[in-house]
DNA sequence: TTTGATAGTTTCCAAACGGATACTATAGAA
DNA sequence: TTCTATAGTATCCGTTTGGAAACTATCAAA
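In structure tokens form, the structure reads like this:
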């Protein structure tokens, strides 16, 4: 069973759990940005993905989209008041990573060592099977 | 460019941004649980996915896995001290959803209305094209 | 008349993800 | 000797996701 508590966490996560969404919200903190401006600053996003993520953020009420009737088109994105309230939440995620960076790094290097060990073991096993087959 | 600030948020997100991971951590808050116990309480996970998510949580140092040399096997999962420190972070996610639940619901119903409007419009368009084709 | 800029949409394709199912090892119980 | 429970792996296969590239509309400038 999923409690209300867990359900609420998942609600929040669903709204921001995407690499680009987090970056978009971060970029928009200082103020409004145009589509291409965002795309350039988030180097690596494709147009399609940026559009879809922005639409989802808009549907979730975190980002506002203002279209100017000009040619060439001008569309400005900004955080809504609701989007602004998310900033402290992102801060708490950031702070956690900062406070525990040592442990996080340690764990990762240990996990990688284990990975290498396993890789060696399975390579050995494969070699043995190879030898047995001939 | 991705700043250190954004990078840290993404580190934290990478560790928990998965429906099942959040639920696993929540389930383990009170104490240790066995594999099947987890699977039953998280009804809906496949064995494969539960295993892979637990392995990743273990590699990230959030969950400890204790194997007892028994038959049938017994494996107990629990939060590590690092995993425990994540609980307040999850609380902040939960609190945000709770504090802004009204706005979140409003936005969603508005977005859905827009969706329905769009669907009607494209249905109309398709019908018009159909009519024009005959 | 062609070019350019902006903010998309559309299409195709490959990789990742997730679910369902079958299979494994092991020792004790029936 | 077969069955059972546990904690997984291994395999297949459909869905989702993301990237690349081409295409669109529009008006002004060259």
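Chains as they are written, first to last, in our numbering: chain B, 1 to 134; chain D, 135 to 268. No residue lacks a Cβ here, since even glycine has one placed at the ideal position from N, Cα and C. None of these values were measured; they are calculated from a predicted model.
8 Å contact criterion, which residue i and residue j should meet: CB distance rounded
i, j, result
"residue 221/D", "residue 196/D", "Not really, about 11 Å apart at Cβ, beyond 8 Å."
"residue 93/B", "residue 147/D", "7 Å"
"residue 219/D", "residue 100/B", "6 Å"
"residue 166/D", "residue 202/D", "No, residue 166/D and residue 202/D are not in contact; Cβ-Cβ is about 11 Å, not under 8 Å."
"residue 50/B", "residue 96/B", "Wrong, their Cβ atoms sit about 27 Å apart, outside the cutoff."
"residue 8/B", "residue 232/D", "6 Å"
Proximity winner among the options, relative to residue i (alpha-carbon distances)
i, options, result
"residue 115/B", "194/D, 200/D and 210/D", "194/D"
"residue 34/B", "121/B, 120/B, 75/B and 50/B", "75/B"
"residue 328/D", "204/D, 171/D, 178/D and 216/D", "Because chain D spans 135 through 268 in this model, residue 328/D falls outside it and cannot be assessed."
"residue 18/B", "144/D, 257/D and 155/D", "144/D"
"residue 136/D", "40/B, 71/B, 110/B and 48/B", "40/B"
"residue 198/D", "178/D, 223/D, 162/D and 236/D", "162/D"
"residue 139/D", "112/B, 123/B, 121/B and 91/B", "91/B"
"residue 242/D", "55/B, 37/B and 30/B", "55/B"
"residue 73/B", "53/B, 89/B, 30/B and 36/B", "36/B"
"residue 53/B", "70/B, 103/B and 16/B", "16/B"
Counterpart residues of residue i in DSSP-defined beta bridges
i, result
"residue 135/B", "What the structure shows of chain B is the stretch from 1 to 134, and residue 135/B is not part of that stretch, so it cannot be assessed."
"residue 33/B", "77/B"
Heavy atom of the ligand GTP within 7 Å of residue i beta-carbon
i, result
"residue 41/B", "Looking at this structure, you won't find the ligand GTP or any other ligand, since it has none at all."
Cutoff 7 Å; reference residue i; Cβ partners in own chain excluding five residues on either side
i, result
"residue 46/B", "none"
"residue 38/B", "24, 27, 50 and 77"
Same chain only: Cβ atoms within 6 Å of residue i, ignoring 5 sequence neighbours per side
i, result
"residue 200/D", "210"
"residue 246/D", "none"
Contact set for residue i: own chain, Cβ-Cβ below 8 Å, skip 5 residues either direction
i, result
"residue 23/B", "42"
"residue 238/D", "231"
"residue 244/D", "none"
"residue 48/B", "none"
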